[in-house]
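The structure appears right after this line, and notes come after that.
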Amino acid sequence: QVLIVRRIHPQGLLHKWNLRHPEAQVRPQDRIISVNGEETLEAMQREIRTSRILMKIMRYPEVFAVTLRREGRRLGFRIEYPQEGDQPEVRVSQLTEGALPAHNSDQVKEGMWHCVVLPDMRIQAANGASGSAWLIAEELKSSEIVTLIIRRAEQQQSLQNKSKTSPALMAESASSSGSQPPT
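Going by the UniProt record's numbering, the letters in the sequence shown line up with residues 1 to 183, in that order.
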């Protein structure tokens with residue numbers, strides 16, 4: 001059970017912490033695994049409202065590698081091609097029966113949650129084939145053993161959230177500096 005940091009409020013305590021401790025910044029998508037020693041969701045949510053807070057935070061790697069072996073079965077996922085031309089990666093759209101769900105099950109048993117591949121994650125490379133969704137897809141079709149470079153969807157989600165708020169941030173920073181934001 002974890003709490004996931006969705007965003008850092010500009011006037012909030014985490015923002016102030018980040019300014020004082022740039023080497024140990026808390027970022028969106030970090031996982032809070034305990035608050036004041038409490039590890040259940042209910043207890044952490046209660047403790048986070050107290051006057052003194054000690055948190056343990058875990059950060060999953062944004063990119064990780066997974067090796068799958070077909071062994072007479074399918075890879076166990078469907079991919080979606082980018083909608084705009086040939087992009088450098090493909091999206092895992094659905095898990096099906098096969099090697100990937102078996103891999104995920106093994107990772108969960110080992111407590112290696114950060115190595116579990118989920119829908120919406122991106123495949124950046126397959127056996128070194130990268131830079132083109134088409135090349136990645138061709139490698140997935142033809143390989144008995146495939147090493148995937150996976151990027152978490154959270155990174156994309158965080159970028160999208162930033163782009164939604166960036167006009168407001170630009171206007172705010174422009175008004176404080178006396179210049180006008182680009183239109």
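Note that beta-carbon positions come from the ideal geometry of N, C-alpha and C, so glycine has one too.
Predicted model, so just to flag it, every value in this text is computed and none were measured.
Between which two residues does the alpha helix (DSSP H) carrying residue i extend?
i, result
"Arg46", "41–47"
Buried or exposed: residue i, going by 16 or more other Cβ atoms within 10 Å of its Cβ?
i, result
"His103", "buried"
"Met112", "exposed"
"Gly76", "buried"
"Ser34", "buried"
"Met44", "buried"
"Ile145", "exposed"
"Ile32", "buried"
"Leu54", "exposed"
"Leu19", "exposed"
"Val108", "exposed"
Does DSSP classify residue i as helix, strand or coil?
i, result
"Gln124", "strand"
"Val116", "coil"
"Ile136", "helix"
"Ile23", "First, the residue type needs correcting, since residue 23 is Glu and not Ile in the sequence shown. DSSP places Glu23 in helix when its eight states are reduced to three."
"Ser34", "strand"
"Leu13", "helix"
Starting from residue i, trace the beta strand (DSSP E) both ways and give me its first and last residue.
i, result
"Val146", "145–151"
*Quick one: complete beta strand (DSSP E) runs, 3+ long, within the stretch 52–98?*
With a minimum length of 3 residues, the continuous beta strand (DSSP E) runs that stay inside the stretch 52–98 are 55–58, 63–69, 77–80, 90–95.
*Pairing CB atoms from the stretch 120–131 with CB atoms from the stretch 37–55, are three or more of them under 8 Å?*
Flag = no, the stretch 120–131 and the stretch 37–55 do not touch.
*Taking 8 Å as the threshold, find out whether the stretch 59–66 comes into contact with the stretch 130–150 through three or more Cβ pairs.*
yes
*asked:* Three Cβ pairs or more, each shorter than 8 Å: is that satisfied between the stretch 85–104 and the stretch 50–64?
replied: With a cut-off of 8 Å, the stretch 50–64 and the stretch 85–104 do not count as touching, because too few Cβ pairs lie within range.
_So, does the stretch 25–35 touch the stretch 1–17, judging by three or more C-beta pairs under 8 Å?_
yes
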